[in-house]
Amino acid sequence: MSSNTVAEFATELKKSPETLLDQLKAAGVGKAAPSDALTESDKQKLLAYLQASHGTASADRKKITLVKKSTSEIKQADATGKARTIQVEVRKKRTFIQRDEGAEATAESQAAAAVEEPAVSSEDLELSRREEEARRQAELIRRQEAELAEKRAEREAREKREREAEERAAAYAAQEAEKKAQASAVKQEATREQAAEAAARAAAQTEAREKAQAEAKARADEESARARDLEERRRKALAEAEAIRAMMATPKKAVMVAKKPEEPKPAAKPAAVGDAKKGTLHKPAVGTGGARTAAAAPATAGAPGAGKEVKSAKLSSSWANETAKKKEIKTRGDSSGGVGRNNWRGGPRGRRGDNRDQRDDHQNAAPAEARIIEVHVPETITVAELAHKMSIKASEVIKALMKMGQMVTINQPLDQDTAMIVVEEMGHKAVVAALDDPEAFTDDDAGQKDAELLPRAPVVTVMGHVDHGKTSLLDYIRRAKVAAGEAGGITQHIGAYHVETPRGMVSFLDTPGHEAFTAMRARGAQATDIVILVVAADDGVMPQTKEAIKHAKAANVPIVVAITKADKPDANPERVKQELVVEEVVPEEYGGDSPFVAVSSKTGMGIDDLLEQVLLQAEVLELKAPVEAMAKGLVIEAQLDKGRGPVATVLVQSGTLKVGDVVLAGQTSGRVRAMLDENGKPAKTAGPSIPVEIQGLSDVPQAGDEFMVLSDERRAREIATYRAGKFRNTKLAKQQAAKLENVFNEMTAGEVQTLPIIIKADVQGSQEALAASLLKLSTDEIRVQLVYAGVGGISESDVNLAIASKAIVIGFNVRADAGARKLAESSDVNLHYYNIIYDAVDELKAAMSGMLAPEQREEALGTAEIRTVFVASKIGTVAGSYVTSGQVTRNCKFRLLRDNVVIYTGEVESVRRLKDDVKEVKEGFECGIKLRNYNDIKEGDQLEFFEIKEIARTL
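FYI, the UniProt record's numbering numbers position 276 of the sequence shown as 276, with every residue one higher than the one before it.
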């Protein structure tokens, strides 16, 4: 369709009307608006204008294309060291187009520039990079010089100020001395003292000034030496940069062997080969016949590339030094590893060059220094990991351990002490590694730091000797009867209670007094703020009293002494005070800091005074803890309940523990499902200093472990798993370290009997105490082996373990279930139940006494003198003897003495009296004695008769 207006024509051409109007105006067609009409002649004018502007209006231009192709070859060494020839074909194409004069001039200039533009080779790029690096080095040195000059100026200004200050001080001192000298007319003695003091000050100032000048001179010498070093480095960098620029300015020669005869070879090709190859990462090609190339020959003074060759050799020396340190690769058929000069492989016939390279390397190589590595050794580390840290093979570590007398495998864990000894034996430095504990990355402490600290109740631990009235004292305070329910009347667990008093709340921890519960008392002292030391007025200071004093002093807590049983007639509180003074527990009335209160758990005497003293000590301590924060505390006791699972008694020390919190306690974790107070009533929250019983942990925690509340259950589980793994690795490493020592001990000790035992207790603390008490019973002849100790009832798995290890099972306050009892009866496994620790220790001691070999004791019977010797054909030699003392019996032991020397010990076979066999012959009678298996007897020999009696031994 024909377009009649500018707008329609623009739509047809898919252009905007404004653009089309501009083109029409440039073509000489005067149109001012899109609605103007267009004729065919206007369109022809626009077409002619556009063709002329785009260069298509003229006829087809003439053009000609020239193609030039040249083939050449280069020789290159491959990976095996063999030389091979590589064909190189260079193609050049050039097209000439006939254009207008202006266009032709422009095209010719562009073509000339294109022809003359040299191809940038990899060598030029490398040299440019080096020049840029040298330029940066020079710039860095210039900046360092400027900084040094600035520091020198500052130092000189500072020294000038110091000198001026010293001069002013000296002038002032001189003026003062002069004034004092003028005033000396009135007081000569005072004047002499002042003058001497001024002279001493002046001498001290002079000495200080000289010392400062000496230090300034030393600093100046040091800075001048540093400046000379910087100047030397700058000069070297500038020289290297100048050499690089000179080398880049030198024309480069192609390293090729042309095939076509019309292309002449460059005259300086050998030198160029050396220049080109030394500037790149290629090794110079070896000529035919193994001869050295011309690049190895010294360049003449007039050669254009001589300076360049020397400089490039210097530049590549750093690469040679670096690669010389690398381990050489040895290939088959090449004893040197196929590596020539600068660690590049040469041709198969380049042996003369290789020998020369080896001589040069031996001359230029610096002596290798032993590298000392700082090895961080964790608590446990395997042999392979230790070898990796020292950058050596694992076999070297195994050899070192074998020399130390320990046989190990590559994956065997080593304890920290052994690993550090191995590191030092290998010549490196061993450092104890920081603990890589995931707890270090927790941020739950931030809430406690920001929380407000509020006053909290004191935690009071009651400690003392067994049967001194600790639990009875607490019973009176709590108005409860706990001591009556204890087995044997002694406490065997840690009891935790809190009591409301008119002056505030107090939390009590009741610890056992028996000697077996040392660990429990130590835990109680660690968790406490105040210790009530209970001493019976009629008994005085006992061993566990002294131990409790040590625990309290180690925990650095104040002691309040409660003298119990003060209402008894034989009570003597003064004797108790004197004995405690010996243990460095001094009462306040003697000038000490420990209050003494006489109390009675029956009448209630002194109980109020005791609580008053405890609360007074708490006020002095100013006990505070955050309440609105995540809870932290200590596991007081733990047990495995059959219906409730793992149960832990915890003491909250800071924060608030709630039902549903995620708790991490030692190697266990879990969510608090239920919480009970000391009376067995449910509780939803527990604040600071409140003891509670929690359920929901994954396993029974260790008594004494710290617990904390975390926000993420997954993180708590990861930390618990990490702790369990670390404990297992540490235990395994210690067992491995002790194996060899145990073997040697058993070899030297001979036959040692072993009594294996399995302990199951109701709570963790009782299990620890019972295990420690039983292990103490071990002697040189009988060793108590603890196969397993745990918390909870006796199960079938415990009985199976006892069957496999031939152990006896001890249940402390627990019983076996039906399946375990049936299996134990069918397998003859001994199950022993106890509820008092005394009974368990005594019975095990009796069992060990029965295992002891009886003691053999010799008892003398009599002596006899051999007066004649009879020889009977059927009987043998018979000694006619006279019993000089005691008696001789049939089958008794004898010693034969000749000249008072024992020559034989044996047994009497028979005794005869006048042809009759008799059982015994007493003193003063003659008899014939037949000695069993011995006939070498003479007249005058003496016979001693004795018997061996076995006596049962006890521990």
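For glycine and all other residues, C-beta sits at the position ideal for the given N, C-alpha and C. All values derive from a computational prediction rather than experimental measurement.
If you ignore the 5 residues before and after PRO573, its C-beta comes within less than 6 Å of the C-beta of ALA537, ILE563 and ALA598, all in its own chain and listed in chain order. For SER507, the pairing in a beta bridge is given by DSSP as VAL459 and HIS498. Less than 8 Å separates the beta-carbon of VAL375 from that of HIS428. DSSP lists GLY862 as the bridge partner or partners of GLY886. The Cβ atoms of SER507 and ALA457 lie closer than 8 Å to each other. Residues THR889, ARG890 and VAL911 of the same chain have their beta carbon placed closer than 8 Å to that of LYS919, with the five preceding and five following residues left out of the count.
Scanning TYR833, GLY819, ARG714 and GLU379 for the CA closest to the CA of ASN729 turns up GLU379.
Beyond the five residues adjoining it in sequence on each side, TYR934 comes within less than 7 Å, by CB distance, of TYR904 and GLY906 in the same chain, given in chain order. Inter-residue distance for GLU781 and GLY469 is about 40 Å (C-alpha atoms, whole angstroms). THR39 sits exposed, since fewer than 16 C-beta atoms from the chains shown fall within 10 Å of its C-beta.
Residues of the same chain with a CB within less than 6 Å of the CB of GLN667, apart from the 5 flanking positions on each side, are ALA720, ARG723 and ALA724 in chain order.
With fewer than 16 other Cβ atoms from the protein chains shown falling within 10 Å of its own Cβ, ASP22 counts as exposed. Closest option to ARG715, judged by alpha-carbon separation, among GLY670, LEU414 and ILE690: GLY670. For VAL29, same chain residues with a beta-carbon under 6 Å away, outside a window of 5 residues either side, are ASP42 and LYS45 in chain order. Rounded to whole angstroms, the gap between the alpha carbons of GLU718 and LEU844 is 41 Å. Taking C-beta separations shorter than 7 Å and ignoring five residues to either side along the sequence, the partners of ALA394 in its chain run VAL383, ALA384, ALA387 and ILE410, following chain order. Of the candidates GLY886, LYS930, ILE937 and VAL627, ILE937 places its Cα closest to the Cα of LEU897. Rounded to the nearest whole angstrom, the CA to CA distance from GLU583 to LYS546 is 7 Å. Per DSSP, LYS14 lies in no alpha helix (DSSP H) and is assigned neither H nor E. In the DSSP annotation of this structure, GLN617 is not part of any beta strand (DSSP E); the continuous alpha helix (DSSP H) holding it starts and ends at 607 to 621. The DSSP-derived three-state label of MET675 is strand. GLU855 places its beta carbon 8 Å or farther from that of GLY819. When LEU657, VAL647, LEU664 and VAL652 are compared, the shortest CA-CA separation from GLY680 is found for VAL647.
Classified as buried, TYR497 has 16 or more neighbouring CB atoms from the shown chains inside 10 Å of its CB.
The alpha-carbon separation between ILE530 and LEU474 amounts to approximately 15 Å. Within the model, the alpha-carbon separation for VAL763 versus LEU697 is close to 15 Å.
When Cβ pairs closer than 8 Å are counted between the two stretches, the segment 618 to 635 is seen to touch the segment 702 to 711, the count reaching three or more. Under DSSP, PHE707 forms a beta bridge with GLY633 and ALA665.
For THR418, the uninterrupted alpha helix (DSSP H) run begins and ends at 416 to 425, by DSSP.
For TYR904, the uninterrupted beta strand (DSSP E) segment begins and ends at 901 to 913. Here GLY924 is exposed. Its C-beta has fewer than 16 other C-beta atoms within 10 Å. For the 8 Å CB-CB criterion, ALA769 and VAL787 do not form a contact. Residue state for TYR788 is assigned as strand, using DSSP reduced to three classes. Boundaries of the alpha helix (DSSP H) harbouring ASP42: 40 to 54, taken from the DSSP string. Burial of LYS565 is indicated by the presence of at least 16 other C-beta atoms within 10 angstroms of its C-beta. If you look at HIS388, you'll find it isn't in any beta strand (DSSP E); it sits in the alpha helix (DSSP H) that goes 383 to 389.
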